[in-house]
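J.:
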């Protein structure tokens with residue numbers, strides 16, 4: 001076996017080895033030297049370690065077992081000190097002497113330290129490796145004031161980490177705006193404001209000339225004569241290729257080690273990849289080009305015909321990153337010049353800035369701040385040098401609304417578009433892997449394709465793509481969201497436990513599931529109470545104290561502490577008798593306003609709580625449930641009895657639906673509408689369930705919403721008889737009751753599950769449909785008209801409605 | 001104008017439900033009385049410092065009540081508003097004497 005030696009145990013070098021092993025696992029006997037005492041880790045994520053979000057182990061890319069499994073000899077903590085290119089030997093600081101057939105330099109770069117007076121003092125560090133992180137963490141325990149020199153990406157990440165360590169942080173930048181290599185001035189200003197809000201202090205246009213202090217640093221002096229105090233100084237002004245060893249070995253070196261398109265240096269059998277490399281005059285510091293180089297080199301040195309492999313041609317530079325929680329993307333030439341024009345979107349409300357720079361009808365650069373979802377498309381346009389002269393310029397940066405459906409941008413992406421820029425993984429690579437290797441989590445996709453393995457910025461896209469590719473099989477488990485701050489359990493887990501362990505009391509659920517906050521809160525308790533009642537309708541003990549006041553006293557609380565009363569009027573139909581009673585009651589109890597609601601009911605507003613039971617008694621009408629997470633109203637149009645166009649008896653249908661389902665508890669309110677023809681006078685298309693009459697048939701639309709997120713209902717099915725309408729509503733609503741999270745409207749629920757899935761369960765699967773209907777019938781059998789119940793129960797009246805008056 | 005503190009009888013303990021607030025009116029003064037356990041009573045002014053929501057109608061969790069209007073979380077025992085909101089509700093000494101609840105106002 002031929003001997004391959006790698007100098008440098010970092011990301012670029014190890015990726016090259018991975019690519020080699022992938023092609024020819026048996027071709028080389030591999031030895032690796034690395035100066036740091038760790039296996040290969042993800043340097044890009046060091047800031048997470050500093051910020052306390054991850055531990056060193058979490059960012060390890062290849063653990064020691066990986067080296068062992070592939071028979072790789074790793075000398076970590078041992079540096080190569082001399083290379084003899086004539087006899088093909090390397091020598092290490094610990095006295096090792098290793099011969100090679102092929103040698104790869106992947107020595108990376110070193111942080112650039114300002115050569116100023118005092119830079120060698122204790123407390124002056126860089127931000128480059130795990131040791132620097134450890135120094136910052138330990139310093140923060142005994143010192144308070146930190147200064148970061150450099151307002152580039154690295155400096156800002158260091159500053160964010162130091163803030164998390166509870167230090168006061170001054171960021172000193174020599175330029176007038178931040179991250180000038182990635183951002184233009186407006187974007188940089190937005191970033192600066194955001195970071196100031198997070199607690200960073202900026203000193204712009206300042207040049208540091210001296211670091212003062214006895215042994216340890218105590219202050220910084222600037223060129224303009226001003227100074228600041230600091231206990232810790234992090235220099236993050238840039239990096240310089242680590243080329244000392246290569247120089248000594250006699251390789252051709254300019255700014256970095258000079259290589260050709262096959263990553264070959266001036267010496268035979270000696271190659272170089274990564275930040276230490278200069279290719280066609282360019283030195284790269286981003287991971288994507290380095291990985292491309294690794295691929296080219298691996299192909300070249302494993303091929304039987306190395307001269308015929310594809311060479312490296314350079315990389316279009318772009319960055320996509322998160323700076324302190326803000327999404328930033330920048331690519332190509334993004335600064336305006338005389339021969340360029342730009343398309344801009346600047347939304348100060350949402351903190352979004354987008355700029356696309358165009359020259360000769362081609363996109364040549366872009367900066368996106370706050371929302372980077374356009375980046376794959378823009379990059380594609382840049383790479384393919386697409387002519388945009390025929391395009392509507394506005395459509396290059398579509399707004400959220402125009403994009404419409406809230407669909408993830410991955411859906412519209414071409415198979416060849418890049419998802420993971422760091423690792424050069426395109427959409428097609430991921431969908432293929434998901435299908436052929438049956439992947440079901442983001443983690444698995446990362447393991448198999450490398451997508452998301454470096455900066456991690458593309459993980460939301462990977463997740464969307466996974467969900468899109470798998471459809472209903474998508475496992476959201478690794479994106480688990482707890483119910484509230486009182487517990488780690490998700491809504492689904494709580495519901496499953498209630499079922500499995502047969503829990504029927506709110507308190508019991510919190511005990512058994514070991515709620516961290518023992519008494520729960522106003523978010524989780526109503527949810528638990530709902531799930532208990534839904535899962536065990538016959539046995540559940542309703543917990544009045546886990547109900548929001550509206551559902552506890554069966555009226556809507558208003559801003560002044562009074563309540564409103566909405567009596568039930570089935571289908572929105574009333575009569576003079578009812579109206580007289582309502583008028584009398586309104587007079588007697590000094591109702592402040594009588595108002596027709598959006599659901600065609602009458603609302604009596606401004607009622608004192610203690611008057612509620614009396615009013616209900618005099619009205620003699622059932623509760624309209626206008627206050628509940630429950631079936632509310634069924635809005636109807638006039639229909640065939642009176643309307644010239646009506647083709648169905650919408651009023652009777654509405655009344656039948658409302659009588660059957662009134663008061664059923666649901667995860668969130670459920671509003672319905674029945675229209676007698678497609679003119680839709682009852683606005684059926686924006687109801688949770690909307691029924692539309694046709695000649696001899698009913699259409700059932702679902703998932704409509706006229707509220708915050710306006711959504712048009714989608715056709716679930718078309719049925720012929722009134723009974724079928726009632727059955728379909730039963731099955732659909734029961735499925736919503738069982739699978740939605742508490743407080744999830746049907747519109748959001750159906751987007752999460754997908755219409756096709758819901759159709760498959762409630763329309764196509766007749767067995768499940770029948771079971772759902774049966775469970776709904778059980779629930780309906782427990783219905784008690786609440787107002788009547790309260791009128792009859794003196795104890796409830798006394799406990800919940802009476803006010804004590806003393807003097 | 002009476003300025004001196006006095007004890008007012010708010011009635012027998014059975015009139016108060018555990019973990020359900022009860023409004024007690026003493027003249028113009030609107031109070032929220034909370035019975036957290038069999039023999040644990042607390043009284044605070046029945047007015048959220050935010051928008052004057054009636055705290056008696058709030059959901060009770062442990063020693064806190066959530067205002068029914070905008071979900072502010074208030075400590076029933078000392079009247080302090082939980083962060084990130086700010087403020088304080090006036091508290092009133094409450095004791096049980098011979099099975100009756102007395103509030104000092």
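Residue numbers (the UniProt record's numbering), protein chains in the order written: chain G, 1 to 807; chain Y, 1 to 105.
A virtual CB, placed ideally from N, CA and C, is assigned to each residue, including glycine.
1. The alpha helix (DSSP H) spanning residue 778 of chain G covers which residue range?
2. If you drop the 5 nearest sequence neighbours on each side, which residues of the same chain put their C-beta closer than 8 Å to that of residue 596 of chain G?
3. Anyone know if the C-beta pair for residue 275 of chain G and residue 251 of chain G falls short of 9 Å?
4. Count the C-beta pairs between the region 2-18 of chain G and the region 99-119 of chain G that are closer than 8 Å, then say yes if the count reaches three, no if not.
5. Step through the CB atoms of chain G and report whether any lies within less than 9 Å of the CB of residue 60 of chain Y.
6. Among G:100, G:92, G:184, which residue has its Cα nearest to the Cα of residue 815 of chain G?
7. Could you give the DSSP three-state label for residue 344 of chain G: helix, strand or coil?
8. Give the interface partners of residue 557 of chain G over in chain B, defined as CB-CB distance under 9 Å, in chain order.
9. Check whether chain G comes within 9 Å of residue 23 of chain Y, counting only Cβ atoms and requiring the distance to be less than that.
10. Checking 9 Å against the spacing of the C-beta atoms, do residue 396 of chain G and residue 363 of chain G come in under that value?
11. Could you check whether the Cβ of residue 10 of chain Y sits closer than 9 Å to any Cβ belonging to chain G?
12. Considering only C-alpha positions, which residue in the set G:78, G:132, G:297 is nearest to residue 23 of chain G?
13. Go through the region 84-163 of chain G residue by residue and report every complete run of the alpha helix (DSSP H) that reaches 4 residues or more, in order.
14. Under 9 Å, Cβ to Cβ, is there at least one residue of chain G near residue 27 of chain Y?
15. In the region 477-496 of chain G, which residues sit with their C-beta less than 8 Å from some C-beta in chain Y, listed in chain order?
16. Spatial neighbours of residue 231 of chain G within its chain, please: CB distance less than 8 Å, with the 5 preceding and 5 following residues excluded, ordered by chain position.
17. Using a Cβ-Cβ cut-off of 7 Å (strictly less than) and excluding sequence neighbours within five positions of residue 589 of chain G, which residues of its own chain qualify?
18. I think residue 78 of chain G touches residue 33 of chain G, with their Cβ atoms under 8 Å apart; what is that distance to the nearest whole Å?
19. For a cutoff of 9 Å on Cβ pairs, would you count residue 44 of chain Y as touching chain G?
20. Need the endpoints of the beta strand (DSSP E) that residue 662 of chain G sits in, please.
21. Straight-line CA distance for residue 197 of chain G to residue 187 of chain G?
22. Mind listing, in chain order, the continuous alpha helix (DSSP H) runs of no fewer than 4 residues lying wholly within the UniProt domain "Nitrite/sulphite reductase 4Fe-4S" (628-765) of chain G?
23. Residue range of the beta strand (DSSP E) that residue 7 of chain G falls in?
24. Going straight from the alpha carbon of residue 308 of chain G to that of residue 295 of chain G, what length do you get?
25. Could you check which residue in G:552, G:540, G:532 has the C-alpha nearest to that of residue 667 of chain G?
26. What is the rounded straight-line gap between the Cα of residue 1 of chain Y and the Cα of residue 73 of chain Y?
27. State yes or no: is the beta carbon of residue 549 of chain G nearer than 9 Å to at least one beta carbon in chain Y?
28. Name the two residues that bound the continuous beta strand (DSSP E) containing residue 31 of chain G.
29. Given residue 477 of chain G, which residues of its chain have a CB within under 6 Å of its CB, disregarding the five upstream and five downstream residues?
30. So what does DSSP say about residue 524 of chain G, is it helix, strand or coil?
31. Would residue 226 of chain G be called buried (16 or more neighbouring beta carbons within 10 Å of its own) or exposed?
32. According to DSSP, is residue 483 of chain G part of a helix, a strand, or is it coil?
33. Which residue or residues does DSSP assign as beta-bridge partners of residue 333 of chain G?
34. Using only alpha-carbon positions, find the residue among G:746, G:679, G:674, G:665 that is nearest to residue 705 of chain G.
35. Among residues of its own chain, excluding the 5 on either side of residue 18 of chain Y, which ones have a beta-carbon nearer than 8 Å to its beta-carbon?
36. Is there a C-beta anywhere in chain G that falls below 9 Å from the one on residue 74 of chain Y?
T.: According to the structure data:
1. Stepping through the first chain from its first residue, residue 778 of chain G is reached at position 778. Here the alpha helix (DSSP H) through residue 778 of chain G covers 766-781.
2. On the first chain, residue 596 of chain G is found 596 positions in, with the first residue counted as 1. So the qualifying residues of the chain are 602, 603.
3. Working through the first chain from its first residue, we reach residue 275 of chain G at position 275. Working through the first chain from its first residue, we reach residue 251 of chain G at position 251. No, they are not a contact pair.
4. Here the region 2-18 of chain G makes contact with the region 99-119 of chain G; the two share three or more CB pairs at distances below 8 Å.
5. The count along the second chain starts at 1 and reaches residue 60 of chain Y at position 60. Yes, residue 60 of chain Y counts as interfacial toward chain G.
6. Because residue 815 of chain G is not part of the residues shown, which for chain G are 1 to 807, the question remains open.
7. Looking up residue 344 of chain G in the first chain gives position 344. Of the three classes helix, strand and coil, the one that applies to residue 344 of chain G here is strand, per DSSP.
8. Absent from the structure: chain B. Protein chains present are G and Y.
9. For this step, residue 23 of chain Y is matched to residue 23 along the second chain. By this cut-off, residue 23 of chain Y is an interface position.
10. Here residue 396 of chain G is taken as the residue at index 396 of the first chain, counted from 1. Here residue 363 of chain G is taken as the residue at index 363 of the first chain, counted from 1. Their beta carbons are under 9 Å apart, which means residue 396 of chain G touches residue 363 of chain G by this criterion.
11. The residue labelled residue 10 of chain Y in the question sits at position 10 within the second chain. Closer than 9 Å: yes.
12. The residue you call residue 23 of chain G lines up with position 23 of the first chain. The candidate whose alpha carbon is nearest that of residue 23 of chain G is G:297.
13. 130-142
14. Within the second chain, numbered from 1, the residue matching residue 27 of chain Y stands at position 27. Closer than 9 Å to some Cβ of chain G, the Cβ of residue 27 of chain Y qualifies, so yes.
15. none
16. Locating residue 231 of chain G in the first chain gives position 231, where the first residue counts as 1. Counting only Cβ-Cβ distances below 8 Å, and skipping sequence neighbours, we find 123, 139, 143, 144, 145, 146, 216, 217, 218.
17. Start at 1 with the first residue of the first chain, and residue 589 of chain G comes out as number 589. Result list for residue 589 of chain G: 607, 611, 615, in chain order.
18. Locating residue 78 of chain G in the first chain gives position 78, where the first residue counts as 1. Locating residue 33 of chain G in the first chain gives position 33, where the first residue counts as 1. Residue 78 of chain G to residue 33 of chain G, Cβ: 6 Å. Contact.
19. Translated into positions along the second chain, residue 44 of chain Y becomes position 44. It does not; no Cβ of chain G falls within 9 Å.
20. In the first chain, counting from the first residue as 1, residue 662 of chain G sits at position 662. Looking at the DSSP string, residue 662 of chain G is not in any beta strand (DSSP E), and its letter there is neither H nor E.
21. The residue given as residue 197 of chain G occupies position 197 in the first chain. The residue given as residue 187 of chain G occupies position 187 in the first chain. In a straight line, the C-alpha of residue 197 of chain G is about 16 Å away from that of residue 187 of chain G.
22. 650-661, 722-739, 746-753, 755-759
23. For the purposes of this step, residue 7 of chain G is identified with residue 7 of the first chain, where counting begins at 1. 2-7 is the span of the beta strand (DSSP E), which, as asked, contains residue 7 of chain G.
24. Working through the first chain from its first residue, we reach residue 308 of chain G at position 308. Working through the first chain from its first residue, we reach residue 295 of chain G at position 295. Cα to Cα, residue 308 of chain G sits roughly 15 Å from residue 295 of chain G.
25. Stepping through the first chain from its first residue, residue 667 of chain G is reached at position 667. For residue 667 of chain G, the nearest C-alpha among the options comes from G:532.
26. Position 1 of the second chain holds residue 1 of chain Y. Position 73 of the second chain holds residue 73 of chain Y. Caution applies to residue 1 of chain Y, whose pLDDT of 46 falls short of 50 and renders its modelled position unreliable; the value that the coordinates give is listed next. When rounded, the distance between both Cα atoms is 34 Å.
27. The sequence position of residue 549 of chain G within the first chain is 549, counting from 1. For residue 549 of chain G, the nearest beta carbon of chain Y is closer than 9 Å to its own beta carbon.
28. By 1-based counting over the first chain, the position of residue 31 of chain G is 31. 28-34 is the extent of the beta strand (DSSP E) around residue 31 of chain G.
29. Taking the first residue of the first chain as position 1, residue 477 of chain G is located at position 477. With a pLDDT of 46 at residue 477 of chain G, under the threshold of 50, the modelled position of this residue cannot be trusted, and the question is left open.
30. Numbered from its first residue, the first chain carries residue 524 of chain G at position 524. Three-state result, residue 524 of chain G: helix.
31. In the first chain, the residue the question calls residue 226 of chain G occupies position 226. By the neighbour-count rule (16 or more Cβ atoms within 10 Å), residue 226 of chain G is not buried but exposed.
32. Taking the first chain and counting its residues from 1, the one referred to as residue 483 of chain G is at position 483. Note: residue 483 of chain G maps to coil in three-state DSSP.
33. For this step, residue 333 of chain G is matched to residue 333 along the first chain. Its beta-bridge partners do not exist; DSSP assigns none.
34. By one-based count along the first chain, residue 705 of chain G stands at place 705. That would be G:746, whose Cα lies nearest to the Cα of residue 705 of chain G.
35. What you label residue 18 of chain Y is simply residue 18 of the second chain in a count that begins at 1. If we look at residue 18 of chain Y and ignore the five residues flanking it on each side, its Cβ neighbours are 35, 36, 37, 38.
36. Position 74 of the second chain holds residue 74 of chain Y. Chain G contact via Cβ: absent.
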